Amino acid sequence: PGYLGEDQDPTNLAKEAAKIGYPVLIKAVAGGGGKGMRLVEAAEDFADSLASCQREATSSFGNAHVLLEKYIQRPRHIEVQVFGDTHGNIVHLFERDCSLQRRHQKVIEEAPAPGMDAATREQLCCAAIRAAKAVNYVGAGTIEFIADASEGLRADRIWFMEMNTRLQVEHPVTEEITGVDLVEWQLRVASGEPLPKRQDELAINGWAMEARLYAEDPAKGFLPSTGPLDTLMLRSTGRVETGVAEGDTISTHYDPLIAKLVTSGPSRIDALAALAEDCRQVMCHPVRTNAAFLQRLCKHEEFIAGAVSTNFIGENIDALTDSPAPSEMLRQVAAYQLLRDAAQPANDDGVFDLVYPEGQLGFRLNRPPRRTVPLVINGANIEVEFNRASIDGPWPGITGMARNGSDIILFEDGSAFVASAFRKSFAGVGTAASGTILSPMPGKIIAVEVTQGDTVTKGQKLLTLEAMKMEHTLTAPFDGVVAELNAVPGAQVQVEALLARIEASGE
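All you need for this note's numbering is the position in the sequence shown, starting with 1, plus 574.
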């Protein structure tokens, strides 16, 4: 429900907002990307929010016109797959739930929708059929709806949103529950054939889930990650759809989607458990992925219960994106592997002495040792109380291991942990603690806010990098002085290029 009219007088818009009922959303008619959008909770805030929205709309789009919409506080995104042919036949293939979203982009999709009863499904799918018939639709299409789930799924609280006139990324979950190959149907319909099945021949069988595996770093605001896929292993008991392979490169020129992980089972719990395991098994390096983030989503109690909305990820963002810490088992295995790498044949009796780099630690394989082992895991200096007995037998949780020169890469719960021997000469280089500001990815410098010698405070904007059609702001890690500045507006930079260096005050 809302207002989209020519009368843009503030008084009239306020009246229309009152008719709709608060909260309402003011949106620029020419808007996009969240610009020119304001949520208004109460009537007394409407005038100021409208003026602010119109200013931003004028600045961004050269058009101050706005529309008003009822703001749905617990929204769910539910869509219906439809298919038409040139003989006048149109069917639906039931619904999908795509409510797990980040910045209006789908993350995990499933079919059917949890909490959907038969009566509501019938009304929803019939509405989708009517919409497709109204335009004599031919081919694969999706009718998308927004649902107010504050009181469960009810037909009178679901509204049409838009139609996508194509096959969508999440179409595999529909294929899994119906046993239909939608791409085959497209080809048959395009060839003039009638639809292969009638509506009464289509049914839901089981449950299916899909997760979008992206080359991005959730711990850094989902910053896209580019570079070579030196290691890429996607283990799945279900279905994997991907356009890349180990040895390929993730570039800045395309969407950073690595793969779609699709699982199915007789129940939602079965499909979800399988998806969580597939996400846990992802091994990718040095490109970062959202696999650990996806696994956390799959294991979240609210998602398992089906009680989610499009706000869910935003409401739980900190818990879902915390940088994962290596388990004690991973620390032990990392220490063991690095000690093995440092083994040197030393004695005539065939015993190998393990001499740690730079002579910091001596160790013998044929003893039950307990040693304090200093090492570096993902850039952090740590000490491990290594116990040889702790690494006997299986290593639960650790899915695999790879090597990059002298570094050991261990994979655990969808995350990659790079372990290396401790070197004082390298400690802190390139870390936030050192004040070194490196380019997180290839891109273009579009703004530099400081000059060399400036005094800065923690969190102050230093420069803005544009990459993959997104702007990324780099800030000062602590109070200090800009000791070095290599960033120039308009310059193209490569990943890990030194852009600036901040020295702490008093150094």
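Quick reminder that beta carbons are idealized off the backbone N, C-alpha and C, glycines included. Note that the structure is predicted; figures quoted are calculated from it, not measured.
For Leu559, the first and last residue of its enclosing alpha helix (DSSP H): The question about residue 559 has no answer, for the chain in this structure spans 575 to 1081.
If you pair each beta-carbon of the segment 651-661 with each one of the segment 620-632, do three or more pairs fall below 8 Å? no
Quick one: is Asp987 buried, meaning 16 or more other Cβ sit within 10 Å of its Cβ, or exposed? Taking the sequence shown and counting its residues from 1, one reaches residue 987 at position 413. That one is buried.
Starting from Asn1010, follow its DSSP beta bridges and name the residues at the other end. Within the sequence shown, residue 1010 is the residue found at index 436, counting from 1. Sequence inspection shows Thr at residue 1010; the Asn mentioned does not correspond to that position. According to DSSP, which records beta bridges pairwise, Thr1010 is partnered with Arg1075.
Is the separation between the beta-carbon of Ser994 and that of Leu912 shorter than 9 Å? For this step, residue 994 is matched to residue 420 along the sequence shown. For this step, residue 912 is matched to residue 338 along the sequence shown. In this structure, Leu912 lies closer than 9 Å to Ser994 by Cβ.
Nearest to Phe867 (by Cα), restricted to the options Thr884, Pro898, Arg914: Numbered from 1 along the sequence shown, position 293 holds the residue referred to as residue 867. Nearest C-alpha to Phe867: Pro898.
Which of helix, strand or coil DSSP assigns to Gln1032: On the sequence shown, residue 1032 is found 458 positions in, with the first residue counted as 1. Checking the displayed sequence, the identity of residue 1032 turns out to be Lys instead of Gln. DSSP places Lys1032 in coil when its eight states are reduced to three.
Could you tell me which residues DSSP puts in a beta bridge with Glu684? Along the sequence shown, read from residue 1 onward, the residue named residue 684 stands at position 110. DSSP output for Glu684 lists Asp671, Met783 as bridge partner(s).
Tell me the DSSP secondary structure of Val654 in three-state form. Stepping through the sequence shown from its first residue, residue 654 is reached at position 80. Three-state result, Val654: strand.
Would you please state the rounded distance, in angstroms, between the beta carbons of Pro575 and Ile600? I believe it to be under 8 Å. Within the sequence shown, residue 575 is the residue found at index 1, counting from 1. Within the sequence shown, residue 600 is the residue found at index 26, counting from 1. Pro575 to Ile600, Cβ: 14 Å. No contact.
Residue range of the unbroken alpha helix (DSSP H) whose run includes Pro746: As a first step, residue 746 must be located in the sequence shown, where it is residue number 172. Pro746 -> alpha helix (DSSP H) spans 745-752.
Any 3 or more C-beta pairs closer than 8 Å across the segment 733-747 and the segment 762-770: no
Spell out the partners DSSP gives Trp733 in its beta bridges. Mapped onto the sequence shown, residue 733 falls at position 159. According to DSSP, Trp733 bridges with Ile720.
Helix, strand or coil for Thr632 per DSSP? As a working mapping, residue 632 is identified with position 58 in the sequence shown. Thr632: helix per DSSP, three-state reduction.
Does DSSP put Phe886 in a helix, a strand or coil? Against the sequence shown, residue 886 aligns to sequence position 312. Residue state, collapsed to three classes: helix.
Going by alpha carbons, who is nearest to Leu1039 out of Arg854, Thr826, Asn955? Here the question's residue 1039 lines up with position 465 in the sequence shown. Considering only alpha carbons, the answer is Thr826.
Can the beta-carbon of Ala850 be found closer than 9 Å to that of Lys873? Looking up residue 850 in the sequence shown gives position 276. Looking up residue 873 in the sequence shown gives position 299. Taking 9 Å as the Cβ cut-off, Ala850 and Lys873 qualify as a contacting pair.
Distance between beta carbons of Gln760 and Leu776, contact taken as under 8 Å: Residue mapping note: residue 776 aligns to position 202 of the sequence shown, counting from 1. Residue mapping note: residue 760 aligns to position 186 of the sequence shown, counting from 1. Rounded, the Cβ-Cβ distance is 16 Å, inconsistent with contact.
Looking at the structure shown, is Leu642 part of a helix, part of a strand, or coil, going by DSSP? What you label residue 642 is simply residue 68 of the sequence shown in a count that begins at 1. Strand at Leu642.
With respect to the alpha helix (DSSP H) encompassing Phe867, which residues constitute its N-terminal and C-terminal limits? Stepping through the sequence shown from its first residue, residue 867 is reached at position 293. Start and end: 865-873.
Count the C-beta pairs between the segment 1023-1040 and the segment 839-846 that are closer than 8 Å, then say yes if the count reaches three, no if not. no
Under 8 Å, with one C-beta from each stretch per pair, do the segment 628-643 and the segment 657-673 reach the 3-pair mark? no
Assigned exposure category for Tyr788 - 16 Cβ within 10 Å defines buried: Residue numbering aside, residue 788 sits at position 214 when the sequence shown is read from its first letter. With 16 or more other Cβ atoms within 10 Å, it is buried.
In chain order, which beta strand (DSSP E) runs of at least 3 residues are fully inside the segment 785-862? 805-807, 813-816, 831-839, 857-859
Between Ile1020 and the rest of its own chain, which residues show a CB-CB distance below 6 Å, the 5 nearest in sequence each way excluded? If you number the sequence shown from 1, residue 1020 lands on position 446. Correct list, in chain order: Thr1038, Glu1040.
Indicate the three-state DSSP secondary structure (helix, strand or coil) for Ile778 in the structure shown. Here residue 778 refers to the residue found at position 204 when the sequence shown is read from its first residue. Three-state result, Ile778: coil.
Look at Ile720 and Ala706 and say whether their C-beta atoms are less than 9 Å apart. To locate residue 720, count along the sequence shown from 1; it is residue 146. To locate residue 706, count along the sequence shown from 1; it is residue 132. The answer is no: Cβ separation not under 9 Å.
In terms of residues, what are the limits of the alpha helix (DSSP H) holding Arg762? Here residue 762 refers to the residue found at position 188 of the sequence shown. Its alpha helix (DSSP H) spans residues 756-764.
In angstroms, rounded to a whole number, what distance separates the CA positions of Val1056 and Ala909? Position 482 of the sequence shown, counting from 1, holds the residue named residue 1056. Position 335 of the sequence shown, counting from 1, holds the residue named residue 909. Whole-angstrom Cα-Cα distance: 37 Å.
For Met903, which three-state DSSP category applies? Mapped onto the sequence shown, residue 903 falls at position 329. Helix at Met903.
Label Ser883 either buried or exposed according to how many other C-beta atoms from any shown protein chain fall within 10 Å of its C-beta, with 16 as the threshold for buried. Counting from one through the sequence shown, the residue named residue 883 turns up at place 309. Label assigned to Ser883: buried.
Between the alpha carbons of Phe996 and Arg962, how many angstroms are there, rounded? Within the sequence shown, numbered from 1, the residue matching residue 996 stands at position 422. Within the sequence shown, numbered from 1, the residue matching residue 962 stands at position 388. Approximately 20 Å, taken between the alpha carbons.
Phe620, DSSP secondary structure in three states: Working through the sequence shown from its first residue, we reach residue 620 at position 46. DSSP places Phe620 in helix when its eight states are reduced to three.
With a CB to CB cut of under 7 Å and the five nearest residues on each side skipped, what residues in its chain are close to Trp969? What you label residue 969 is simply residue 395 of the sequence shown in a count that begins at 1. Once the five neighbours on either side are set aside, the close Cβ partners of Trp969 are Met903, Val907.
Pull up the CB-CB distance for Ala782 and Ser838, whole angstroms please, since I reckon it's below 8 Å. Within the sequence shown, numbered from 1, the residue matching residue 782 stands at position 208. Within the sequence shown, numbered from 1, the residue matching residue 838 stands at position 264. Going by Cβ atoms, the distance from Ala782 to Ser838 rounds to 4 Å, so yes, they are a contact pair.
For Arg813 versus Val836, is the C-beta spacing smaller than 9 Å? As a position in the sequence shown, residue 813 is number 239, starting the count at 1. As a position in the sequence shown, residue 836 is number 262, starting the count at 1. Yes. Within cutoff.
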